[in-house]
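Trainee: Please find one structure pasted underneath; my questions will follow.
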């Protein structure tokens, strides 16, 4: 079994912007995501047999969504500002359409449907524990970043990724890249 997800990769030219934002948030209690690993998750599949990689990739090639221009802008949190667990960069563009197409073409595989409304985002950091002084500091930093804009890029493909969890952090491997 391999742990998998479907992602939209950020272009290399945005990685420096990610690094810059993360430098402003480098506070105790946060686990920053390695900038080269930051991506927009379209769907987390979980553990699948390796034999499913090709059938899933084939199904994904049936997505009805042309390439589109996306914008990476704004920093936010999940689930809410008073109880922060994840800090993210927002994605604007046809991500909702792409997500619903991913759900549609993978229906036959019976993956768990995503709960709630889909929010296109790229995780920048996970929050382990914040004492009140650091939480105040972080809130100030985040309010200054909420309008941060990394610009536009063309979403021309999605990737089926393998995720291997290690004590040093995740290792991602592209299993298949599927053009839109």
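Numbering (this note's numbering), first residue to last: 362 to 541. Note that the Cβ used here is the ideal one computed from N, Cα and C, for glycine as well.
1) Enumerate, from N- to C-terminal direction, the unbroken beta strand (DSSP E) stretches of 3 or more residues contained entirely within the segment 464 to 507.
2) Quick check on the DSSP output: the beta strand (DSSP E) that includes residue 447 runs from which residue to which?
3) Just mark residue 450 as buried or exposed, buried being the case when its beta carbon has 16 or more other beta carbons within 10 Å.
4) Who are the near neighbours of residue 458 in its chain, counting only those whose CB is closer than 7 angstroms to its CB and skipping five residues on each side?
5) Select from 440, 473, 476 and 480 the residue whose C-alpha is nearest the C-alpha of residue 452.
6) Just tell me which of 448, 400, 468 and 412 has its CA closest to the CA of residue 386.
7) Using a threshold of 8 angstroms, state whether the C-beta atoms of residue 407 and residue 431 are closer than that.
8) Can at least three beta-carbon pairs, one atom from the segment 524 to 539 and one from the segment 410 to 429, be found at a separation below 8 angstroms?
9) Suppose only complete runs of 4+ residues qualify. What are the alpha helix (DSSP H) ranges in the segment 396 to 452, listed by chain order?
10) Are residue 456 and residue 401 close, meaning C-beta to C-beta below 8 angstroms?
11) Which first and last residues belong to the alpha helix (DSSP H) in which residue 379 is found?
12) Kindly indicate which residue of 380, 491, 509 and 462 has the alpha-carbon position closest to the one of residue 442.
13) With DSSP run on the structure shown, which of helix, strand or coil describes residue 393?
14) Assuming contact is defined by CB atoms lying nearer than 8 angstroms, are residue 414 and residue 526 in contact in what I supplied?
15) Tell me whether residue 417 is buried or exposed, calling it buried when 16 or more other Cβ atoms sit within 10 Å of its Cβ.
Mentor: From the atom records:
1) 482 to 488
2) 444 to 453
3) buried
4) Excluding positions up to five away in sequence, the list reads 426.
5) Between residue 452 and the set 440, 473, 476 and 480, the nearest pair of CA atoms involves 480.
6) 448
7) Contact annotation: residue 407 and residue 431 have beta-carbon atoms that are not nearer than 8 angstroms.
8) yes
9) 414 to 421
10) yes
11) 376 to 385
12) 491
13) DSSP places residue 393 in strand when its eight states are reduced to three.
14) no
15) Buried: at least 16 other Cβ atoms inside 10 Å.
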